[in-house]
Amino acid sequence: MSNISRRDFLRVSTTAVAGALLAACGAPATEAPKVEPTAKPAEEKPAATATPKGPVRPVDAWPVGELPRNRTLIYYNNTPPNGNFALWGADPHQAGWAICQEPAAFYGVHGDKQYMWLAESYKYADDGKGLTVVFRKGIKWSDGTPFTANDVVWSMDTLKRVDGLQKAGNVKATVEKAEAVDDLTLKLTFNQVDWRFFFTSMTFRFDLGDNTLIQPKHYWSTVADDKLREDKFYDPAKGLPISTSPYGVGVSNEQYTNYDLRKSWWAVETGFVDKEPDVWRIQQQPFTNDTLAAQLLINKEIDHPLDLRPFVVASTLAQADHLSTWTGRKPPYGYVDWWPISVQFCTKKPPFDNPKVRWAVAYALNQQAIVDIGWSGAGTVAMSPFPAYPKLNALLDQIKDVTDKYNVLEFNLEKSAALMTEAGFTKDGEGFWVDKDGVRPDADVYAGVPLFGDIAPVVAEQLRQAGFYSQHKAPPDVWAAKVDGRASMFLFGHGGATIDPFDTLQLYQEANAAPMGEQSWGNITRWDDPEFAKARQEIKNTAPDDPKMVELFKKTMEIWYAALPDCPIVQWYHRIPVSNWYFTNWPDETNPYMNSALWHWTMLQVVLGLKATGNA
Amino acid sequence: MTLSYFVRRVFFLFLVVWTAATINFVLPHLAGRDPIKEQMLIQIASQGRTQADAEAMIRTYTRLFGLDRPLWEQYLTYIGNVMRLDFGYSINNYPRTVMDIIISRGRLTLPFVVVSIFISFTFGILLGAFLGWNRTPQWVSNLVVPPMLVLSSVPQFLVALVLIYFVAFRMRLLPMNGAYPRTMVEDWGSLTFWMGYAKHAILPILSMVLVDASGWALGMRAMMVTVEGEDYATFAEAKGLTTWRVFFRYLLRNALLPPLTGLAIRLGFIITGASLVESFFAYNGLGSTLGGAIGNFDYFLLYGIVTIMVMCIALATFVMDMIYPLLDPRISYKAQRG
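Sequence order for the protein chains is A and B. The numbering of the first sequence is the numbering used here, which starts it at 1 and goes up by one. The numbering of the second sequence is the numbering used here, which starts it at 1001 and goes up by one.
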């Protein structure tokens, strides 16, 4: 190889590096027409009360170009989908694009209100083995194609026909036949009794469940079955994703996704809703951390973040008058989510295979102190695995003799010690419980951060005070630790009873309670009981409003409390400070038309309720 | 440069990449975790997914990602994919491909990291050389070195937090987050976009430069002290060469080789070296993506980013091996004989 002079080398390499850098950074990735930055917001003005006369919404171009900030709702959420709207393949959970979906109905638990939406009415067969749903007249897909019951039939048939599609579980398990009686009427035949199908599979509530995402047959029937999962369903120029929603996707990249108001919407055209929404654009930005979210809220750069920790919320509210929460500007700053938290036990692993030890833990815990110390009082305790919602509270009120008998809220170190002694434990020289071999049982509390970072150390300390050798552990694979049985105790919630206890009770399925040595990912406490299973099955076959429900509920809960596979500690809260500067009428405890989390399936209802202030 | 030397180095480059890629494959599997099942567990817990649904999903996706095949078969597929730089789909972002994610997120981070590395290096080296030079007044060192010692010990993200709080949040002089204004679409061919990107990059660059430049400067200062005592430096001064000629041609140039090696290694981490900073400024870049892939056990995304990282480091080392003799004539391509 010939020699290269140093000067030549330095000249050539400098030029090459500069060229390479330019080339690397110069690849254009234009996805939508260029728009100029919006003007810097002017100084603060008082909020207007009525929707102001503003600029006329540009409706001719799609994707829409620049829009004013005071008609753009910015929510600080999970990573934007960046063009991934693969309905059948991508996990749609909290993905941000729920705004593009309209269900048969919505349900807001805090106001206990059902909003019939695409569907006008529904009726179960007398034996609970069928359902007839009537849809509204005049519904259209965003490309103008009329929506019919055939779209629903096709969506359900596809979920049954193709393996491994998202949100297929309920349809696969329950629907024997889906047929369109006419363009507006859907008739479902079930292979088992199911009084909950309309609620669990056709109603959007929170971010829960196996809701069937009703899809346009005329688009998806052109895609081969084996390509359904891979189709990203995104092309703004072609109007994809097609939906019945008033919002379509304008731009979607790594930094943000714009969901823009379409030119027309069936609900306005048919007079189902009075007027088009005040929000012209919803911009989803990636959430970074609580601190930055607070700063952006205070500076009016975002309108709605993910839920924040109580201390952050209190400090944020103190710095900005334009912010409020579900409970205004006072604790607990949020609403009860469907995820009450328990100290859960690995019930197939000693010593927590013994109910006496589990109850000893329960008596050692002071739930109110956990709320007071961990959340500075901004929360409430939980006395059952159910969220404190009206219908569930009413059921619990009717089994008060059971909840009084098994009072998990009783903090009683003497009872705790007595149960441990009965279970064969003694205390060592340092005051910790040891078994007959002198070994301290593993009582570490596994709980991920930041979700549980504020309460888990309090729980661990309370257990230490009661003689359990415990500390809070949050390894990176904290999820796996619960499933594979490494974690003897862990903090976790329960998904997702809202109007009836069945969804929570089915978490304790005997079929999913794997033995030690195997991952138990369906039933993480590994607890099962044949009598409980029988009673739970009876609940499944009983309509939620059937008077028999109370007796069945009592039976199951008596078994559950006696065994105590997990010990309830706190209700889970969504504490979301929202900005009232550009938009008002956010849902709150005085106007609970929907829970305010925009990352939930119900976000369309929240957005429709917002009123633009016109503030600059 | 001899052909045999070049061939040996290329062979070594491939050996390093292959070894690293193999470790990259083996380590996640040793953890014994099942990424698909973990995803389903999270979905069951967080959205009330039914058991039947989850089981069907696990079967389908385990097959789709090839995780049901024997480990050796998965390994061969993986090595083939490494060679083609095709890592298939990301588990957590399905159906987005790993390379799509790497490219679309990497291009947001790369420009500001490159700029900050070069500014840090140039500024740090010159400052360090000046501070280590025996003609620099002592009071300058007394004034500059203590803050540099502090800055070089502070993590970049902490500096980022301070800058965000004062410059962006309180004074509102610069944007708090994002790679570019969110009223713009990504268009690297547009000058307006570049200006928006540059404005957003000022604080991230500053966070990195303040820390990195201090580090480079302290290292270079120590090197200068060493070369000043060399015979050639004394001879150059004795010859009556101008002060600046001695400084640049004899001292700085000879002290530069170790920092250049450091620069090559730093450039190797160009993809993920600013992960915390980019994360605090919400760039949604590759560093935070790597963190997410580790946390969620997204095998394929992990494979992709780590492999690219290894390739960058191996390539940077390779380039340094090639150019050392061109930078310093005392180094030869020929093997040393005893």
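Just so it is clear, CB atoms sit at the ideal spot from N, CA and C, and this is done for glycine as well.
- Of the candidates Met1208/B, Trp1188/B and Ile1305/B, the residue whose Cα lies closest to the Cα of Phe1157/B is Met1208/B.
- Excluding residues up to 5 positions away in sequence, Thr1062 lie with their Cβ nearer than 8 Å to the Cβ of Asp1068/B in the same chain.
- With the criterion set as a beta carbon lying under 9 Å from some beta carbon of chain B, the members of the segment 275-287 of chain A are Gln283, Gln285, Pro286 and Phe287, in sequence order.
- In the structure shown, the three-state DSSP call for Asp566/A is strand.
- DSSP places Tyr259/A within a strand segment (E or B) once states are collapsed to three.
- The beta carbon of Phe583/A sits closer than 8 Å to those of Leu73, Asp278, Val279, Asp303, Leu610, Lys611, Ala612 and Thr613, all from its chain and outside the five residues before and after it, given in chain order.
- In this structure Trp195/A is in contact with Gly128/A, their Cβ atoms being roughly 5 Å apart against a cut-off of 8 Å.
- Per DSSP, the unbroken beta strand (DSSP E) holding Val181/A starts and ends at Val175 to Asp182.
- The count of Cβ pairs closer than 8 Å, one atom from the segment 1076-1093 of chain B and one from the segment 1106-1120 of chain B, stays below three, leaving the stretches out of contact.
- For Arg1182/B and Phe1247/B, the gap between their C-alpha atoms comes out near 47 Å.
- Judged by DSSP in its simplified three-state form, Gly495/A adopts coil rather than helix or strand.
- A direct Cα-to-Cα measurement between Tyr1165/B and Asn1284/B gives close to 20 Å.
- Proximity to Arg1008/B across Met1322/B, Ala1255/B and Val1154/B peaks at Met1322/B, based on C-alpha coordinates.
- Put simply, the CB of Pro476/A is near chain B, with a gap under 8 Å to one of its CB atoms.
- Straight-line measurement puts the Cα of Leu1173/B at about 34 Å from the Cα of Pro331/A.
- When the beta-carbon positions are compared, Gly239/A and Ser155/A stay at least 8 Å from each other.
- In this structure Leu1218/B is in contact with Ser1152/B, their Cβ atoms being roughly 6 Å apart against a cut-off of 8 Å.
- Residue contact with chain A for Thr1183/B: present (Cβ-Cβ distance below 8 Å to some residue of chain A).
- DSSP, reduced to helix, strand and coil, places Tyr582/A outside both helices and strands of the structure shown, so it counts as coil.
- At a cut-off of 8 Å between beta carbons, Asn1093/B contacts chain A.
- Short of 6 Å from the beta carbon of Ala1316/B, and not among the five residues preceding or following it, lie these beta carbons of its own chain, in chain order: Ala1264, Leu1267 and Gly1268.
- Among the CB atoms of chain B, none fall inside 8 Å of the CB of Trp527/A.
- By the rule that beta-carbons nearer than 8 Å mark a contact, Thr1109/B does not touch chain A.
- According to the DSSP assignment, Leu292/A belongs to the alpha helix (DSSP H) that extends over Asp290 to Ile298.
- A residue is called buried once 16 or more other Cβ atoms fall within 10 Å of its Cβ, and Tyr247/A is buried on that count.
- For Asn82/A, the chain B residues whose C-beta falls within less than 7 Å of its own C-beta are Ser1104, listed in chain order.
- Listed along chain A, the residues sitting closer than 8 Å to Tyr1061/B by beta-carbon distance are Gly164.
- For the pair Gln571/A and Pro340/A, the CB atoms are nearer than the 8 Å cut-off.
- Counting only the Cα atoms, Lys1037/B lies some 9 Å from Glu1055/B.
- Within chain A, the residues whose beta carbon sits less than 9 Å from that of Tyr1180/B are Gln255, listed in sequence order.
- For the C-beta of Thr79/A, the chain B residues within less than 7 Å are, from N- to C-terminus, Asn1284.
- Per the C-alpha coordinates, the member of Val268/A, Gln471/A, Tyr333/A and Arg486/A positioned closest to Thr347/A is Arg486/A.
- When DSSP reads this structure, Pro351/A sits in no beta bridge, so it has no partner.
- Taking a C-beta distance under 8 Å as the contact criterion, Leu413/A and Ala364/A qualify as a contact pair.
- For the C-beta of Ala1056/B, the chain A residues within less than 8 Å are, from N- to C-terminus, Asp163, Gly164, Ala168, Gly169 and Lys172.
- Around the CB of Asp1187/B, 16 or more other CB atoms lie within 10 Å, so the residue is classed as buried.
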